[in-house]
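Notes follow the structure.
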Amino acid sequence: MFSFFKRHKIISTLLAIVFVPIIGLLIFVAYRSIGPYRSYRVNLDLPAPGSAEPVGDLLVGVAERDITPDLSKYESWTDADNNGRFHHEKDTWVDSNGNGKLDTVWMAG
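Numbering-wise (my numbering), the sequence shown opens with residue 91 and increments by one.
Next up, the structure:
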């Protein structure tokens, strides 16, 4: 088998060019998939049948909060070319605080 690669230098070079980066990528992915908490392990010890283990408290929380900004604190602008971006040359805005800059909020989503 090795004699095949010795006789066919171009094929062996191409295979090396293809497989060396793939192997390097696999090693990198395997290293990164371990995660940042490498010292933590899952405790899979189960209590013996019939033995009573005290059950701990399960705490669950839910919250709801409005994250909509107060738009009266920001300036409005008109998108004249309807491209979703602000351009000083084409679009206009109301400079409510008189600082000469567009003070607005952009929420993506």
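We treat Cβ as the ideally placed atom computed from N, Cα and C, and that holds for glycine.
Query                                                                                                : Result
Taking just the CA atoms, how far does GLY114 sit from ILE107?                                       : 11 Å
Note down the Cα distance separating ASP185 from VAL110, rounded to an integer number of angstroms.  : 59 Å
Consult DSSP for THR103 and reduce its assignment to one of helix, strand or coil.                   : helix
Rounded to whole angstroms, what's the CA-CA distance from ASP181 to ALA153? Just pull it up for me. : 39 Å
Identify the continuous alpha helix (DSSP H) that holds SER93 and give its terminal residues.        : 92-97
Provide the residue(s) that pair with TRP183 in DSSP beta bridges, ordered along the chain.          : TRP167
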